[in-house]
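Student:
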Amino acid sequence: MMVLKFNKRVALMVAGSVVLLTAIGFIAFRMGPLAPTKITVSQVKTESLTPSVFGIGSVEARQSWLMGPTVAGRVLRVHVDVGQEVKAGQLLAEMDPVDLDQRLHAQEAALSKAMNVEMAGKAQVADTKARRELAHANLKRQQELARQNFISPAALEGRDQELQSADAAYQAAQANLQAAKQDTSRLQAERAAVALQKQNTKLVAPADAVVISRDAESGSTVVAGQPVLKLANPSSLWIKLRVDQGRSSGLEVGLPAQIVLRSRPQQTLKGKVERVELQADAVTEERIAQVAFDRIPSALSIGEMAEVTLGLKAAADALTVPQASVQTYQGRSGVWRVTDSKLEFVQVQWGAASLDGRVQAMEGLNAGDTVVVYNEKPLSVGASFRVVDALVKKTKP
Amino acid sequence: MTDKTGGIRIENLRKVYGHGDTAVEALKNVNMQVSPGEVVGLVGPSGSGKSTLLKCLGAIIEPTSGRMTLGHDVIYDDGWKIPDLRTLRRDRIGFVFQAPYLIPFLDVTNNVALLPMLAGVPNELARRRALELLTSLDVLHRAKAEPSQLSGGEQQRVSIARALANKPPVILADEPTAPLDSERALSVIQILNDMARLAQTAIIVVTHDEKIIPTFKRIYHIRDGQTVEEAGEGRSIRE
Amino acid sequence: MINLAARDIQHSWTKFVLTGLGLGLLIGVTLTMAGVFRGMVDDAQALLNNSGADLWVVQKNTQGPYAEASSLKDDVVRSIVGMPGVGMASNITYFTMQVKTVGGKEARAMVVGIEPGAGGLPGQPSFLLAGRHLIRSHYEAVADIKAGLSLGDKVEIRRHTYEVVGLTRRMVSSGGDPMIFIPLKDAQEAQFLKDNEAIVNDRMRTAANSAFNRPAVPGLLEAVQNLQTSSRNVNAVLVRVADGWTADHVAEPIRRWKHLTVFTRAEMEEILVEKLIATSAKQIGMFLAILAVVSAAIVAFIIYTMTLGKIREIAVLKLIGTHNVTIAAMILQQALGLGVIGFVVGKVAATIWAPVFPKFVLLLTQDAIAGFGATMLICALASTMAIRVALRVDPAQAIS
């Protein structure tokens, strides 16, 4: 009985200490800093990646026009409104011609006067021509008479003089007529100029388009070049795409595009790269491309934002790993590989990456290698670890 | 202090409490002598100096003057002659109190074996001695129990075993039978007599219990600080 | 030799264990407070470590980018990349704000603007818990798990919605707020651009200003308004030095430029830990002191009460010849035993409830050891009061 009691007490104490030590050990080795790091792994596999280029852009009109006067003036009337479709040649707006009409009248009056002056000149030419002919005939007659010595040489000289005068008068009349004709031309040209100016006050649609902005109302004063209306060709809408220079390799004309407009995120539209701009944006470090829609959707707004993904050609088969495996250790880029239950860092040469998170490992890995994908603490060579399925419990999908 | 020869002798013991005008002479001139194996009674009314004498005998308080001899050693001669009173009490004086005063968190065996263990006796030996004492006091069946589980009488017997455990030459018992009925009281006295004879211990029993006074062969009466020896009836307990 | 303290504990073990439990919770709180402080320091160091940077280049004469606002032009990085000893340099923006998920959850986060990709640039998260790093140049986010977001959640930051594509751990600001990484261009826009109403308001104000709204210069107004809504600023440039160079060597030439201040890791740590955390540290220190005093008082009180309850036994022990040393040792051992039970309970409790705290609580082994030592010391000191009482007990009390 005594021995039993002894043992019972000792046993209890031993049991208590064991429980305590187990609890402390559990705490220290599972939860504290001594616990092994949990990681997830994946096998390196060979597959063909489809890299893509991603960028955001805004919808713009390929063809757009700014309609405005060529001289400063006042807007007289605007005939169209925003959203209206206009045909080529349609009158859109008129500037105040101010005194153009009056000047036109003045020109026309001047032109009439010039034409009358011309007529008078013509008459004068006829007149002087007749006199010259008369003087010429007279001279001939007198010359005949002088040969027969019926008149004095002085009288003959007189007739000669008359002829010369009549000749001169004729020249003068011709010159006057010429001047009158030139005056008429000049006034005609001036009248045409004023007419053209008057025409310039009419803003006329250069092509079939849609009015996208009405910037001045009748009565507003605008300067030369300031737009009164903005037009755009609705069938020429495309997307001006901006792509980060560092992530734009493979950008070229003809790439197929998947377009998601901000206003319709559920819909994916198709398009194609139509132009890659030669001039990139050095400040934002982006390259610019224009992407056309295969079919322009209805109810599109200019300036709308869109996300565009361009599909490049599928790359050749290569070893790939998840992009999350890529880590930098001691200045080198690579992955953590599990070999014989031990961790080691392998430097890897990386190739193309796909947008869904896989990247090519060109050099440094072999097919079937086990690489670390996710880890809960920074890793170091030889650290103790435990492989689990996932580090984060997935919430409802 | 390994000399455990027995017997205690008190000569001209005097104890004064306080000084000057408020001085009280509790013990005036006490003379006592108890031989090994003897059980004497110390009888007196309250206020007679009984407790003071007991405390002096137990080396709990210091007398004012006089001489105390334990065995061959003078332990007090107008001043303590022993450097360590605690050890003296532990090894050479055993105490039995009015109430058992067992240590509640030690079991019965350990209560009894405590003093020997504190004195340096190996645990096994001390416990064995304790069990022997418990056997002779007829409480062996309670050896592993806690004091709170024992009856009053059993506790008292265990306390007697405790007093004897370290084989002291002197045992001072203070009213050991006060809470007991006559049968139990006589039984306790019988045990004390037996133990005294067996171990040649000198036992002084302080009491005013009429039931047991007749059993003493010698009695010291104390009144107003003075003791008077007188022969007792020495009545045999086993009647 | 018998151990009285052990016997007494065994005899009334429930009382001891319950008292130890109570004391243990108090000790657990103390350890947790120390852990809160360590957590704050660790948050600051995590911020510095996880950035992967050796140098922080910020606006001249500021202590940014964490302790103070700092603003740099985003093309400064190009010149820094070319400086001697610079291995990698990258722009980064930080700003703290409330982010909302589509779905209602709101969280306070530090939005960090980084270059997309897994290039190992300083500032990019170095490892993930799930998902992948940023790939697209816009509208993707990598969030720290502390933000409570899951893969696929949509987060609203300013005017755009971002999809969470990756999750990280321990990527926090110095204040413990979780980080959300978004592409740098989006972050620049979000930090420096206001909301739509403010933009419209700004446009109207600029149009009302005749200096900018000149009819003779069409296009001037638009140019000015575009200037107002574009942002070419970042908060800092993080630099990793090339192999074989020391941070100070690389920092010096950059500092000689007139408009930039450069901090090394040690200097950033000093700014964060000593300036940002200093007040909280003092507060926690005072709290720890108070807890220590309270713990000492409680232990002293408990041991004192226990001893008072044993006065009679102590008197008896003294009377029958037990030395003072034995009695004092019993009391001391009981106090230490209480301390051990309390400490174990406290350490286990602190380890279990530490992850539940909203801020990071870091329990270090050295703190536990120091705590154990302090507990033992406090228990020993607290027992002195009870020991004094015990030693003063008059053995004659046992004799009426």
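Protein chains in written order, with this note's numbering: chain S, 2 to 398; chain G, 14 to 252; chain R, 1036 to 1435.
Beta carbons: idealized from backbone N, C-alpha and C, even for Gly.
The structure displayed is predicted, hence computed values, not measured ones.
Just the C-alpha distance for S1418(R) and L1056(R), rounded to the nearest angstrom, thanks.
Tutor: Cα to Cα, S1418(R) sits roughly 18 Å from L1056(R).
Student: Return the bridge partner residues of R231(G) from the DSSP annotation.
Tutor: Answer by DSSP bridge pairing, in chain order: V53(G), A244(G).
Student: From the DSSP output, in three-state form, read off I1312(R) for me.
Tutor: Note: I1312(R) maps to coil in three-state DSSP.
Student: What does a CB cutoff of less than 6 Å around K224(G) pick up in its chain, not counting 5 residues either side in sequence?
Tutor: Listed in chain order, the non-local C-beta contacts of K224(G) below 6 Å within the same chain comprise S195, A198, local neighbours out to five positions each way being set aside.
Student: Measuring only between beta-carbons, confirm whether Y114(G) sits less than 8 Å from chain C.
Tutor: Judged by its chain identifiers, the structure shown contains no chain C, and its protein chains are S, G and R.
Student: Would you say L1039(R) faces chain S, with C-beta separation under 8 Å as the test?
Tutor: no
Student: Identify which residue in K1382(R), A1389(R), I1413(R) has its Cα closest to the Cα of L22(S).
Tutor: K1382(R)
Student: Got a sec: is the Cβ-Cβ distance from M1036(R) to anything in chain G below 8 Å?
Tutor: yes
Student: In the region 1149-1209 of chain R, which residue ranges form an unbroken beta strand (DSSP E) of at least 3 residues, counting only runs that do not cross its ends?
Tutor: 1175-1179, 1189-1192, 1195-1203
Student: Along the chain, where does the alpha helix (DSSP H) containing M116(S) start, and where does it finish?
Tutor: In the DSSP assignment, M116(S) falls within the unbroken alpha helix (DSSP H) covering 101-148.
Student: Would you check if the region 1388-1408 of chain R and the region 1070-1081 of chain R touch, i.e. whether three or more CB-CB distances between them fall below 8 Å?
Tutor: With the cut-off at 8 Å, the region 1070-1081 of chain R and the region 1388-1408 of chain R touch.
Student: Report the CB separation of R359(S) from T321(S) in whole angstroms; it is logged as a contact under 8 Å.
Tutor: 5 Å
Student: Can you give me the C-alpha to C-alpha distance between Y1339(R) and V1147(R), rounded to a whole angstrom?
Tutor: 57 Å
Student: Are the region 1170-1185 of chain R and the region 1126-1143 of chain R touching, with three or more C-beta to C-beta distances below 8 Å?
Tutor: Yes, since at least three Cβ pairs between the region 1170-1185 of chain R and the region 1126-1143 of chain R fall closer than 8 Å, the two stretches touch.
Student: So which residues on chain S does V1513(R) lean against when the C-beta distance must stay under 9 Å?
Tutor: Chain R is shown only over 1036 to 1435; residue 1513(R) falls outside these bounds and no answer can be derived.
Student: Buried or exposed: where does L1053(R) fall if 16 or more other Cβ atoms within 10 Å of its Cβ makes it buried?
Tutor: Burial call: exposed.
Student: Going straight from the alpha carbon of I1289(R) to that of A1104(R), what length do you get?
Tutor: 20 Å
Student: Label R132(S) either buried or exposed according to how many other C-beta atoms from any shown protein chain fall within 10 Å of its C-beta, with 16 as the threshold for buried.
Tutor: buried
Student: Considering only the alpha carbon of each residue, which of V42(S), Q144(S), L178(S), L311(S) lies closest to G58(S)?
Tutor: L311(S)
Student: Determine the direct distance from the alpha carbon of H154(G) to that of N1038(R), and round the result to whole angstroms.
Tutor: 24 Å
Student: Measure the Cβ-Cβ separation of V72(S) and E305(S) and say whether it is below 8 Å.
Tutor: Taking 8 Å as the Cβ cut-off, V72(S) and E305(S) do not qualify as a contacting pair.
Student: Which residues, taken in chain order from the region 355-389 of chain S, show a beta carbon closer than 7 Å to some beta carbon of chain R?
Tutor: L356, G358, Y375, N376, E377, P379
Student: Determine the chain R residues that contact I57(S) at a beta-carbon separation under 7 Å, and present them in chain order.
Tutor: H1173
Student: With distances taken between CB atoms, is the gap from A1363(R) to D1429(R) smaller than 8 Å?
Tutor: no
Student: Residues of chain G with CB closer than 8 Å to the CB of S1047(R), please, in chain order.
Tutor: F118
Student: Could you pull out every residue in the same chain whose Cβ sits closer than 6 Å to the Cβ of V183(G), ignoring the five residues on either side in sequence?
Tutor: Hits under 6 Å: I21, I106, A215.
Student: Looking at the structure shown, is Y330(S) part of a helix, part of a strand, or coil, going by DSSP?
Tutor: strand
Student: Helix or strand or just coil, what does DSSP make of T82(G)?
Tutor: strand
Student: So for V1274(R), helix, strand or coil by DSSP?
Tutor: strand
Student: Between Q179(S) and T185(S), what straight-line distance do the alpha-carbon atoms span, to the nearest angstrom?
Tutor: 10 Å
Student: Pick out whichever of L163(G), L211(G), R140(G), D104(G) has its Cα sitting closest to the Cα of N179(G).
Tutor: Looking at L163(G), L211(G), R140(G), D104(G), the one whose alpha-carbon comes closest to that of N179(G) is D104(G).
Student: Would the region 1078-1089 of chain R and the region 1318-1329 of chain R be scored as touching if the rule is three or more Cβ pairs under 8 Å?
Tutor: no
Student: Taking 8 Å as the CB-CB cut-off, is E1348(R) touching chain G?
Tutor: yes
Student: So which residues of chain R does G226(S) contact, with C-beta pairs closer than 8 Å?
Tutor: P1253
Student: Please report whether the beta-carbon of I1362(R) lies at a distance below 8 Å from any beta-carbon of chain S.
Tutor: Judged by the 8 Å Cβ criterion, I1362(R) is not in contact with chain S.
Student: On the DSSP bridge assignment, give the partners of Q1094(R) in chain order.
Tutor: Looking at the DSSP assignment, Q1094(R) forms a beta bridge with L1295(R).
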